[in-house]
Every structure is written in structure tokens, then in C-alpha cells.
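Visitor: Numbering-wise, this note's numbering comes out as the position in the sequence shown, counting from 1, plus 1301. I have a structure here, written as C-alpha cells, and I will follow up with some questions on it.
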Amino acid sequence: MREGPAEPGGIFQKVDVTNSAALDDAVKEVISRLGSPYVLVNNAGILRDGQLIRYKEGVIAGSMTDEQFDSVISVNLRGVFTCTRAVSAQMIQAGAGGVILNAASVVGLYGNFGQTNYVATKAGVIGMTRVWAREFGRFKIRVNAVAPGFIATEMIKAMPEKVLQTMRDHTPLGRLGETTDIANAYLWLASDAASFVNGAVISVDG
């Protein structure tokens, strides 16, 4: 945040990132209480994994459903679009520049078995990042993406040890990433130390 009305601490709002009207209202409240936004991190995401076509013992045993595909597209891709549209308009009007950071993934670069929907969203986020870096640069707004690898979140750590070891074995540094590894990448990209970094995709994957 830059100059503007302010109050101590922060505020928390639960917002459906697929609902444009709700997002616009949330942004207005932030501005009224904390001033014009300077940094946006698009980090909302869901998983609905499944093979496009599941073939077993000579029989088509299932496929990814429309609901599986559409729900992930709505949150992971459309949500980044709607959030960025709402906040970037305020950044432009404020005239102080800004930073937009998007959560991508290494699977958006390389693909991953059973994640047609998720991979499509992360590849899309990378594409939008590069477009917006070109569109917003003249307003001194930088747009970059962070592409995490295997990170030791609560969800990941709940997986069987055999699966975790496979993840470690596929990482040259021989360990899972920590959430602080990702946070530090965002922190650097948001800082003036990265003032000439725009349209980049930073892989944090070991």
C-alpha cells in the first residue's frame, strides 16, 4: 500500500474470486480503509485431478468431467483475471505504479499426469503474466509469476512417505521446498530490488 487513508494492522475478507461484483466491492473496501493497493498476489487455487481418459483392462473406465475442468478453470484462471482487472484499474488511477504477482506452477511449464485442468490454468496464468507485463509497464506496474515445485504444505506432508520420497528424489537439491522459500520469492519480486524484473516466471523448485 502507498499513500491514502489507513488504519493499524490489516483486514481479512472472504471473497469468491470468480464473482466479479464481490471482488469489486472488496477492493473498494480495501481502498476506503487502507488506501490504494500497490501489491497484488493472485494465490487462490483448487485441485480436481483426474485423467482425461482412464483406460483399464481394455475398457474406458472414466474421464475428466466438465465440472472438474470448469471449476478449476473458474478459480485458478478466471479468478486471476478478475482479481487483476479489479485491482490493476485502481493501480492505474492512483498513478503510483505497483506490482502484480501470480501463482503459477512448474507443471504449467512441463505438464503433469492427471492434471489437464490444473496444468491448463497454470500455463494460462504464465501467458497472462507476460501479456500484462507488456500492457501495464507504461503505468510502472510490474507483473511477474512464481512457479513453485514440490512444496511441503500441510496437504503435501499428509501424503504417504513413499510419495514424499519420490518427490524428493525428483528434486536435484534433494528436499521439498518450504513455504518460506515461496514467500521469499514473492517478497523479492515485490521489492524495489526487483524493480527491473517484469514478465518473468521464477521457478522455485530446487
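Each residue gets a CB set at the ideal place from its N, CA and C atoms; glycine is no exception. Computed from a predicted structure; not experimentally measured.
#1: Is it buried or exposed for residue 1496, if we count other Cβ within 10 angstroms and need 16 for buried?
#2: Checking 7 Å against the spacing of the C-beta atoms, do residue 1416 and residue 1337 come in under that value?
#3: DSSP beta-bridge partners for residue 1450?
#4: Starting from the N-terminal side, write out each stretch of the alpha helix (DSSP H) that is 4 residues or longer and does not extend beyond the region 1450-1479.
#5: Considering only the alpha carbon of each residue, which of 1341, 1384, 1311, 1418 lies closest to residue 1364?
#6: Are residue 1347 and residue 1373 close, meaning C-beta to C-beta below 7 Å?
#7: So, are the CB atoms of residue 1408 and residue 1506 less than 7 Å apart?
#8: Quick one: residues in its chain with C-beta nearer than 8 Å to the C-beta of residue 1457, no 5 flanking neighbours on either side, listed in chain order?
#9: Would you report the Cα separation of residue 1448 and residue 1454, rounded to the nearest angstrom?
#10: Would you mind working out which of 1315, 1473, 1396, 1479 sits nearest residue 1345, comparing C-alpha positions?
#11: For the beta strand (DSSP E) that contains residue 1552, what are its first and last residues?
#12: Nearest-angstrom Cα distance between residue 1441 and residue 1463?
#13: Measuring alpha carbon to alpha carbon, tell me which residue in 1399, 1430, 1493 is nearest residue 1405.
#14: Assuming residue 1324 contacts residue 1385 under a Cβ cut-off of 8 Å, what Cβ separation, rounded to an integer in Å, is found between them?
#15: At which residue ranges does the region 1340-1382 contain complete beta strand (DSSP E) runs of 3 or more residues, listed in the order of the chain?
#16: How about residue 1318 and residue 1387: do their beta carbons lie closer than 7 Å?
#17: Quick check on this structure: which residue in 1366, 1445, 1423 has the alpha carbon closest to the alpha carbon of residue 1340?
#18: Could you check the C-alpha separation between residue 1434 and residue 1488 for me, to the nearest Å?
#19: Can you list, in chain order, the residues of its chain with a C-beta nearer than 8 Å to that of residue 1393? Leave out the 5 residues immediately preceding and following it.
#20: Would you kindly work out how many angstroms separate the C-alpha atoms of residue 1326 and residue 1503, rounded to a whole number?
Guide: From the atom records:
#1: To locate residue 1496, count along the sequence shown from 1; it is residue 195. Exposed, because fewer than 16 other Cβ atoms sit within 10 Å of the Cβ of residue 1496.
#2: On the sequence shown, residue 1416 is found 115 positions in, with the first residue counted as 1. On the sequence shown, residue 1337 is found 36 positions in, with the first residue counted as 1. No. Outside cutoff.
#3: Stepping through the sequence shown from its first residue, residue 1450 is reached at position 149. Looking at the DSSP assignment, residue 1450 forms no beta bridge with any residue, so it has no partner.
#4: 1455-1458, 1462-1470
#5: Start at 1 with the first residue of the sequence shown, and residue 1364 comes out as number 63. Cα-wise, what sits closest to residue 1364 is 1418.
#6: Mapped onto the sequence shown, residue 1347 falls at position 46. Mapped onto the sequence shown, residue 1373 falls at position 72. Yes, the pair counts as a contact, with Cβ atoms nearer than the cut-off.
#7: Translated into the one-based positions of the sequence shown, residue 1408 becomes position 107. Translated into the one-based positions of the sequence shown, residue 1506 becomes position 205. Contact: no.
#8: On the sequence shown, position 156 is the one that residue 1457 refers to. For residue 1457, where only same-chain residues beyond five positions count, the Cβ hits under 8 Å are 1451, 1465, 1468, 1477.
#9: Taking the first residue of the sequence shown as 1, we reach residue 1448 at position 147. Taking the first residue of the sequence shown as 1, we reach residue 1454 at position 153. Their Cα atoms are separated by approximately 15 Å.
#10: Here residue 1345 is taken as the residue at index 44 of the sequence shown, counted from 1. Nearest C-alpha to residue 1345: 1315.
#11: Since the first and last residues shown for the chain are 1302 and 1507, residue 1552 lies out of range.
#12: The sequence position of residue 1441 within the sequence shown is 140, counting from 1. The sequence position of residue 1463 within the sequence shown is 162, counting from 1. The alpha-carbon atoms of residue 1441 and residue 1463 are separated by roughly 47 Å.
#13: On the sequence shown, position 104 is the one that residue 1405 refers to. Per the Cα distances, 1430.
#14: Taking the sequence shown and counting its residues from 1, one reaches residue 1324 at position 23. Taking the sequence shown and counting its residues from 1, one reaches residue 1385 at position 84. Contact flag wrong, Cβ pair sits at about 10 Å.
#15: 1340-1343, 1354-1357, 1360-1364
#16: Within the sequence shown, numbered from 1, the residue matching residue 1318 stands at position 17. Within the sequence shown, numbered from 1, the residue matching residue 1387 stands at position 86. It is not a contact, given that the beta carbons lie outside the stated cut-off.
#17: As a position in the sequence shown, residue 1340 is number 39, starting the count at 1. Here the closest residue by C-alpha is 1445.
#18: Here residue 1434 is taken as the residue at index 133 of the sequence shown, counted from 1. Here residue 1488 is taken as the residue at index 187 of the sequence shown, counted from 1. Whole-angstrom Cα-Cα distance: 18 Å.
#19: Taking the first residue of the sequence shown as 1, we reach residue 1393 at position 92. Result list for residue 1393: 1437, 1440, 1442, in chain order.
#20: Along the sequence shown, one-based indexing puts residue 1326 at 25. Along the sequence shown, one-based indexing puts residue 1503 at 202. Approximately 31 Å, taken between the alpha carbons.
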